[in-house]
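The structure under discussion appears below in the form of structure tokens.
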Amino acid sequence: MPADRIDGLRPSYPVRTARLDLRPHRRDDLADLFAFHSRPEVVRYTPWPVRDLEQTRVALEAKLDRHTLTEEGQWLVLAIELRETGTVIGEVLLKWASRADRQGELGFALHTDYHGRGLAAEAAEAMLRLGFDELGLHRICAVVVAGNTASARLLERLGMRREAHFVHNAFFKGQWIDELVFAFRDDEWRARRDR
Numbered sequence: 001m002p003a004d005r006i007d008g009l010r011p012s013y014p015v016r017t018a019r020l021d022l023r024p025h026r027r028d029d030l031a032d033l034f035a036f037h038s039r040p041e042v043v044r045y046t047p048w049p050v051r052d053l054e055q056t057r058v059a060l061e062a063k064l065d066r067h068t069l070t071e072e073g074q075w076l077v078l079a080i081e082l083r084e085t086g087t088v089i090g091e092v093l094l095k096w097a098s099r100a101d102r103q104g105e106l107g108f109a110l111h112t113d114y115h116g117r118g119l120a121a122e123a124a125e126a127m128l129r130l131g132f133d134e135l136g137l138h139r140i141c142a143v144v145v146a147g148n149t150a151s152a153r154l155l156e157r158l159g160m161r162r163e164a165h166f167v168h169n170a171f172f173k174g175q176w177i178d179e180l181v182f183a184f185r186d187d188e189w190r191a192r193r194d195r
């Protein structure tokens with residue numbers, strides 16, 4: 001798909017997977033978001049700190065309109081709702097990094113009570129599908145703080161390859177950290193999808 005054909009992403013919601021509904025955030029998600037935004041073990045590798053209820057409310061307000069991509073540089077930020085209970089258990093993100101180069105970036109955070117069930121992978125795979133099949137991206141990367149082995153393993157299970165290890169690449173939560181970059185190209189995605 002030529003770069004000039006990419007005109008944004010306006011998904012139909014919810015984006016359904018086997019067990020999840022990915023959807024725009026709503027104000028009534030506050031208690032569910034606070035349940036994991038307030039946990040040190042969840043935010044250890046995220047760019048935000050442990051949040052109290054008011055900080056979570058402010059963060060939620062900023063997410064309410066991030067359900068379409070209309071220009072490069074924007075993030076699509078969706079709530080991960082466990083369909084069985086209607087509980088928001090995490091968030092999944094897709095950045096439209098470049099129109100000309102057809103680049104994107106994937107991100108996710110999940111409440112620790114729901115780790116180990118394949119739910120983050122299910123949500124991330126749905127976002128890859130949106131990025132490649134609907135937005136028309138050529139390459140999607142994910143940047144992981146070195147030491148976040150659970151996320152690195154998840155990305156590898158999705159078929160993303162580790163492309164880089166940057167040493168002391170970012171000043172993160174008061175210290176210099178290494179970052180790992182994983183990526184997937186559209187041809188690799190299609191080959192995996194068609195298997």
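Under UniProt numbering, the very last position in the sequence shown is 195; numbers go up by exactly one each time.
Ideal placement from N, C-alpha and C gives every residue a C-beta, glycine not left out.
message: By the three-class DSSP mapping on this structure, what secondary structure does V50 have?
response: Reduced to three states, the DSSP call for V50 is coil.
query: Between the Cα of F76 and the Cα atoms of E91, G86, R153 and T85, which residue gives the shortest distance?
result: The residue you asked about is not Phe; residue 76 is Leu in the sequence shown. The shortest C-alpha separation from L76 is found at E91.
message: Pairs of beta-carbons, one from the stretch 39-53 and one from the stretch 136-152, closer than 8 Å: are there three or more?
response: In short, these stretches touch, since the Cβ pair count reaches three.
query: Is the Cβ-Cβ distance between L180 and V144 less than 7 Å?
result: Yes, they are a contact pair.
Cα-Cα separation, T70 to R185: Going by C-alpha positions, T70 is about 22 Å away from R185.
message: So, for W176: in the same chain, excluding its five sequence neighbours on each side, which residues have a beta-carbon less than 7 Å away from its beta-carbon?
response: Same-chain partners within the cutoff: H168.
message: Under 8 Å, with one C-beta from each stretch per pair, do the stretch 8-24 and the stretch 81-89 reach the 3-pair mark?
response: Yes, since at least three Cβ pairs between the stretch 8-24 and the stretch 81-89 fall closer than 8 Å, the two stretches touch.
message: I'd like the ranges of any alpha helix (DSSP H) spanning at least 4 consecutive residues and lying wholly in the stretch 3-82.
response: If only complete runs of 4 or more residues are kept, the stretch 3-82 shows the alpha helix (DSSP H) at 30-37, 40-43 and 53-63, in order along the chain.
field: Residues near H138 in its chain [Cβ-Cβ closer than 8 Å; skip 5 each side]
entry: Taken in chain order, the residues that qualify are D101, R102, Q103, R185 and D186.
query: Does DSSP put F184 in a helix, in a strand, or in coil?
result: Here F184 carries a strand assignment [DSSP, helix/strand/coil].
- prompt: Under 7 Å, do A183 and E163 count as touching if we go by C-beta distance?
  reply: Yes, these two residues count as a Cβ contact at 7 Å.
task: Evaluate contact between the stretch 48-58 and the stretch 29-40, counting only Cβ atoms and requiring at least three cross-stretch pairs below 8 Å.
output: For the pair of segments examined, the stretch 48-58 was found to touch the stretch 29-40: the number of CB pairs separated by less than 8 Å reaches three.
- prompt: Among H165, D29 and F172, which has the Cα closest to the Cα of L60?
  reply: Taking each of H165, D29 and F172 in turn and checking the Cα distance to L60, the smallest one comes out for D29.
query: Would the beta-carbon of E41 fall within 7 Å of that of T87?
result: No, these two residues do not count as a Cβ contact at 7 Å.
query: For K95, which residues does DSSP report across the bridge?
result: Answer is W75 and E105, bridged to K95.
message: Taking the straight line between their C-alpha atoms, what separation do you get for E122 and G174?
response: Looking at the two C-alpha atoms, the distance is approximately 32 Å.
field: Start and end residues, beta strand (DSSP E) containing R162
entry: Segment R161 to F172, the beta strand (DSSP E) holding R162.
- prompt: Nearest CA to the CA of D7: which residue from D32, L135, R57 and R66?
  reply: Ranking D32, L135, R57 and R66 by CA distance to the CA of D7 puts L135 first.
field: Closest residue to R16 among R57, L78 and L94 (Cα-Cα distance)
entry: Here the closest residue by C-alpha is L78.
Reduced DSSP secondary structure (H/G/I, E/B, other) of E179: DSSP places E179 in strand when its eight states are reduced to three.
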